[in-house]
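Trainee: The structure follows.
2 protein chains.
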Amino acid sequence: MQQVSDSSQSPGYDPAPTSSRGLIVDRIRSAGTLSRVELTQLTGLKAPSVTAVVRRLIDDGLVAETGRGASTSIGGKPRTLLQIRAAARYVVGVHLSEDHLTYVLVDYAGGVVARWRRDGPGDDSDPEQVVARVAIETGELIASSGVDPALVLGLGFVCPGPLIRNRGVTSAPPSMTRWVGFPIRSRLEERLGMPVLLENDATAAAAGTRLTTSHDVSVMAALFMSEGIGSGLRLNGNVYQGAHGNAGEVGHICVQIGGPRCWCGGTGCLEALAGPAAVVAKARAAGLDLGSHRHSGVAAFAAIARLALSGDSRAEAIIRDSAAWIALGAQTIANMYDVQLLVLTGPAFAVAGTIYLPILQERILSSVFGRSVGTKVVLDERGHDAAAIGAALMMLKSEHAISA
Amino acid sequence: MQQVSDSSQSPGYDPAPTSSRGLIVDRIRSAGTLSRVELTQLTGLKAPSVTAVVRRLIDDGLVAETGRGASTSIGGKPRTLLQIRAAARYVVGVHLSEDHLTYVLVDYAGGVVARWRRDGPGDDSDPEQVVARVAIETGELIASSGVDPALVLGLGFVCPGPLIRNRGVTSAPPSMTRWVGFPIRSRLEERLGMPVLLENDATAAAAGTRLTTSHDVSVMAALFMSEGIGSGLRLNGNVYQGAHGNAGEVGHICVQIGGPRCWCGGTGCLEALAGPAAVVAKARAAGLDLGSHRHSGVAAFAAIARLALSGDSRAEAIIRDSAAWIALGAQTIANMYDVQLLVLTGPAFAVAGTIYLPILQERILSSVFGRSVGTKVVLDERGHDAAAIGAALMMLKSEHAISA
DNA sequence: CCGGTTAGTTAGATCTGTGAATATAGTGGG
DNA sequence: CCCACTATATTCACAGATCTAACTAACCGG
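Next comes the structure, spelled out in structure tokens:
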């Protein structure tokens with residue numbers, strides 16, 4: 001076990017915007033458009049402070065006034081609406097999975113400017129080569145978008161599996177074993193010449209699900225399913241990472257004593273029983289025709305989902321069986337985290353979420369705790385890119401973090 | 001479902017000490033004794049700020065200098081040690097369970113000055129009467145300790161079951177159904193005339209496990225077993241409460257599909273399968289002689305634990321079976337929260353912890369995530385009083401909370 | 001006794017946020 | 001059309017916290 005002494009003694013959650021400047025930028029960004037009065041309510045600051053901070057943001061070209069708000073029925077000066085200047089800055093988000101590399105270019109307002117999807121590194125890829133490729137493709141992405149590279153603040157990189165905060169992964173599924181121990185972050189920073197943030201895919205997805213999921217949701221979680229299953233917790237816009245950056249590993253909780261062996265070494269893991277790979281294996285065993293898809297990965301899972309949605313009863317039974325197990329994971333998240341909202345996201349839910357959603361909803365509402373507080377479960381409409389977008393947004397947020 | 005609009009818009013975790021005053025008091029309290037230099041390192045403040053804050057604390061009689069620290073081998077002025085003035089303030093902690101009322105009087109340094117244990121309210125008790133009794137007994141506790149009542153800052157009250165933050169419980173085990181919806185906090189404040197903090201027993205226990213569990217543990221959880229099973233998460237000395245104050249309800253995660261029905265309405269709950277009540281029921285069914293103990297509760301569980309520890313193989317088998325299930329809960333906590341340390345606490349672990357500990361340890365270390373980061377599992381030596389002490393400590397901490 | 005070393009303080013500057021008063025921009029009534 | 005009325009936003013003077021820089025305090029070893 002390499003003992004890691006992280007330079008910044010991380011407190012278990014990501015750097016909350018200590019500066020009121022960052023706090024205000026975050027609020028405007030997640031609301032889309034906001035007045036100064038609302039900012040005083042949201043931040044707890046007094047009006048003069050808000051005025052001062054906002055003026056500097058406008059002077060710096062990060063925020064712009066954008067017309068008047070709806071005047072109240074009674075009268076009074078209408079609120080001046082503020083908005084992030086989208087073109088002020090940019091960040092890149094990259095999601096590495098077993099068979100895909102997803103790139104997004106996100107503007108300062110949090111909008112996706114460009115989105116690339118490249119066939120992934122493939123089995124047993126060499127991390128050094130992948131890093132080189134990411135650096136090149138990131139440059140191409142920025143160039144092809146016509147964005148001034150000087151305005152790009154940095155890159156957020158997400159990968160599956162448990163990781164050492166801002167270093168690399170500590171273990172990985174069979175096809176990515178060469179990534180274990182590889183110093184992803186520092187190698188990327190060297191190649192790119194810009195700050196890089198490394199994050200777990202599920203945690204990033206929690207940051208990436210559209211912040212505007214109703215204003216009064218301050219505690220929410222993402223259940224993320226790609227090749228693996230993970231979850232992330234978001235508190236007031238800050239993700240919870242745990243002591244070592246591995247919080248939310250719901251895919252490797254044991255839901256069946258004596259269950260099947262998992263690549264992680266355990267038995268009865270949720271992922272081994274009901275993850276996409278397990279679904280594909282069962283479908284193959286049942287003799288389903290998955291077409292020309294590769295022997296594993298999300299593509300094969302998507303094929304099964306399409307069969308199920310088009311009425312194939314065997315495919316549907318297999319997926320509903322998976323959903324029954326995953327519902328246990330969802331219930332565990334609700335019980336352990338006590339969230340107001342659970343968002344289903346990631347590539348697997350993007351293709352099969354409509355089958356999973358009602359089953360998970362029903363399970364959560366059947367537990368007292370879910371029912372008594374009305375925990376909501378919803379599907380993320382951008383599940384395919386949630387992790388990459390989340391990585392980018394986390395990088396955006398870190399801009400104003402205290403750098404003591 | 002009564003929609004509760006909490007006065008303070010709580011962010012999902014308890015008020016972090018925003019004032020550096022509170023931050024410094026907390027640090028000194030948890031360290032026991034500390035110098036100004038160490039405070040600069042721990043808080044991130046510079047020396048002059050620490051000097052200023054500490055001077056005011058000394059002037060206010062909350063902190064005292066207490067001799068010199070060990071001089072470094074090389075030379076230089078030895079550090080002046082600071083210490084909380086224990087007699088400066090006091091707080092009361094009360095733990096209500098099905099069959100006991102536990103009182104602790106805690107001084108400003110966090111030390112337990114007095115401890116009372118009273119036979120509990122009994123089945124189906126009237127909340128109003130219990131509140132009256134608690135008010136009277138709290139007065140007696142303070143009086144008999146010779147503490148000036150004016151120095152008592154407030155009372156922390158913990159009870160089992162999910163609660164609405166600072167209001168009352170939303171559901172309860174069969175013997176406490178009359179507590180559901182009862183406005184515990186406001187009624188207690190009216191009777192006592194001092195601030196009352198209401199908290200879940202497991203969450204409070206997380207706050208109560210001695211803070212000095214090694215200085216570099218910033219993310220830890222408590223697994224609490226009394227009549228029920230719960231858990232609490234502590235981040236840098238602040239407990240995580242979740243959106244509604246119900247985080248960590250590990251007792252009602254489903255660990256066996258189609259398992260036995262639980263009082264909460266679910267099936268296969270950890271608590272229903274392996275909680276103390278289930279252990280007692282199994283022992284009774286197996287014909288074990290539990291002596292003159294009441295038909296349920298921790299007392300009967302303790303009798304079984306004593307049998308097991310004294311070599312009764314049937315009792316041991318029953319408890320080891322329970323431990324195997326509870327180990328799943330412990331693993332879930334480790335995976336979801338990613339903690340550095342898991343403390344077993346509460347009355348049930350106080351009597352049977354030595355049987356549970358190795359089984360839980362082994363399970364956690366058998367999961368990659370536990371093994372790769374070396375999650376520690378330990379037994380709290382003050383399990384009986386952890387919840388009450390935790391309630392008191394949380395009240396102590398809230399003293400310096402921002403009251404905007 | 002004196003340089004070396006670490007701990008802690010004082011003094012002054014800066015920055016942040018506050019409160020009170022004021023300016024701005026609309027609504028609706030006479 | 002002018003005038004209260006209302007809500008939004010800004011200005012200005014001040015209080016507080018925290019920083020930098022320079023200084024004093026206490027102890028070591030020779």
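Respectively, the protein sequence lines represent chains U and E. Residue numbering for the first sequence follows full-length UniProt numbering, beginning at 1 and increasing consecutively. Residue numbering for the second sequence follows full-length UniProt numbering, beginning at 1 and increasing consecutively. Glycine included, each C-beta is placed from N, C-alpha and C at the ideal position. Only a predicted model underlies this, so the values are computations on that prediction, with no experimental measurement involved.
At 9 Å on the CB atoms, spell out the chain U contacts of N200 (chain E), in chain order.
Mentor: By Cβ distance, chain U contributes nothing, its closest Cβ being about 10 Å from N200 (chain E), past 9 Å.
Trainee: Output needed for K376 (chain U): all residues of its chain with C-beta closer than 6 Å, excluding positions within five of it in sequence on either side, in chain order.
Mentor: L341
Trainee: Among U:G266, U:P162, U:G311 and U:R306, which residue has its Cα nearest to the Cα of I364 (chain E)?
Mentor: Nearest option by C-alpha distance: U:G266.
Trainee: Which partner residues of W116 (chain U) appear in the DSSP bridge assignment?
Mentor: U:Y103
Trainee: I want to see whether chain U comes within less than 7 Å of Q340 (chain E), judged by CB atoms only; does it?
Mentor: Judged by the 7 Å Cβ criterion, Q340 (chain E) is in contact with chain U.
Trainee: Between which two residues does the beta strand (DSSP E) holding residue 405 (chain U) run?
Mentor: Past the edges of chain U, shown from 1 to 404, lies residue 405 (chain U), and the structure says nothing about it.
Trainee: Just the C-alpha distance for W116 (chain E) and L101 (chain E), rounded to the nearest angstrom, thanks.
Mentor: 8 Å
Trainee: Measuring only between beta-carbons, confirm whether I402 (chain U) sits less than 7 Å from chain E.
Mentor: In this prediction, I402 (chain U) scores a pLDDT of 38, lower than 50, which makes its location untrustworthy; the coordinate-derived value is nonetheless stated afterwards. No - not a single Cβ of chain E is within 7 Å of the one on I402 (chain U).
Trainee: Is the stretch 346 to 366 of chain U in contact with the stretch 384 to 393 of chain U, if contact means three or more CB pairs nearer than 8 Å?
Mentor: yes
Trainee: Specify, as a first and last residue, the run of the beta strand (DSSP E) that Q340 (chain U) falls within.
Mentor: Taken as a continuous stretch (DSSP letters only), Q340 (chain U) belongs to no beta strand (DSSP E), as it is neither H nor E.
Trainee: Taking the alpha carbon of V94 (chain E) as the reference point, which residue from E:N246, E:R314 and E:G156 has its own alpha carbon closest?
Mentor: E:G156
Trainee: Name, in chain order, the residues that DSSP records as bridge partners for Y90 (chain U).
Mentor: U:D107 and U:V152
Trainee: Mind checking whether W263 (chain E) and P174 (chain E) have CB atoms under 7 Å apart?
Mentor: yes
Trainee: So what's G139 (chain E) in DSSP terms, helix, strand or just coil?
Mentor: helix
Trainee: Would DSSP call L198 (chain E) helix, strand or coil?
Mentor: DSSP places L198 (chain E) in the strand class (E or B) of the three-state scheme.
Trainee: By the 10 Å Cβ neighbour count, where 16 or more other Cβ atoms means buried, how is P358 (chain U) classified, buried or exposed?
Mentor: Counting every other CB atom within 10 Å of its CB across the protein chains shown gives P358 (chain U) a total below 16, marking it as exposed.
Trainee: Three or more C-beta pairs closer than 8 Å, one from the stretch 328 to 340 of chain E and one from the stretch 300 to 307 of chain E: is that the case here?
Mentor: no
Trainee: Using Cβ-Cβ distances below 7 Å, what residues of the stretch 303 to 332 of chain E are close to chain U?
Mentor: L328, Q331 and T332
Trainee: What does Q256 (chain U) pair with, by DSSP beta-bridge criteria?
Mentor: Note: Q256 (chain U) sits in no beta bridge, so no partner.
Trainee: With a Cβ-Cβ cutoff of 7 Å, do G248 (chain E) and L393 (chain E) count as a contact?
Mentor: no
Trainee: Does H252 (chain U) get closer than 7 Å to chain E when you measure Cβ to Cβ?
Mentor: H252 (chain U) belongs to the set of residues whose beta carbon lies under 7 Å from a beta carbon in chain E.
Trainee: Closer than 7 Å by beta-carbon distance: list the chain E residues that pair up with Y337 (chain U), in chain order.
Mentor: Within 7 Å Cβ-Cβ: G242 and A247.
Trainee: Helix or strand or just coil, what does DSSP make of A221 (chain U)?
Mentor: strand
Trainee: Keeping to the same chain, check which residues put their C-beta closer than 6 Å to that of V53 (chain E); ignore five residues upstream and five downstream.
Mentor: S20, R21 and I24.
Trainee: List, in order along the chain, the chain E residues whose C-beta lies closer than 7 Å to that of V239 (chain U)?
Mentor: Simply none; closest approach about 12 Å.
Trainee: Taking the straight line between their C-alpha atoms, what separation do you get for F224 (chain E) and I136 (chain U)?
Mentor: Taking the straight line from one Cα to the other gives about 52 Å.
Trainee: Is the shortest distance between the beta-carbon of V373 (chain U) and the beta-carbons of chain E less than 7 Å?
Mentor: yes
Trainee: Mind checking who T80 (chain U) pairs with in its DSSP beta bridge?
Mentor: U:R68
Trainee: Given this structure, state the Cα-to-Cα distance separating A202 (chain U) from D107 (chain E), to the nearest angstrom.
Mentor: 43 Å
Trainee: One question on the structure: do G120 (chain U) and D99 (chain U) come within less than 7 Å of each other, judged by their Cβ atoms?
Mentor: yes
Trainee: According to DSSP, simplified to helix, strand and coil, what is L379 (chain E)?
Mentor: strand
Trainee: In chain order, what residues of the same chain lie with their CB nearer than 6 Å to the CB of D380 (chain E), ignoring the 5 residues before and after it?
Mentor: T209, V343, T345 and A386
Trainee: Rounded to whole angstroms, what is the Cα-Cα separation between E271 (chain U) and E189 (chain E)?
Mentor: Distance from the CA of E271 (chain U) to the CA of E189 (chain E), rounded to the nearest whole angstrom, comes to 48 Å.
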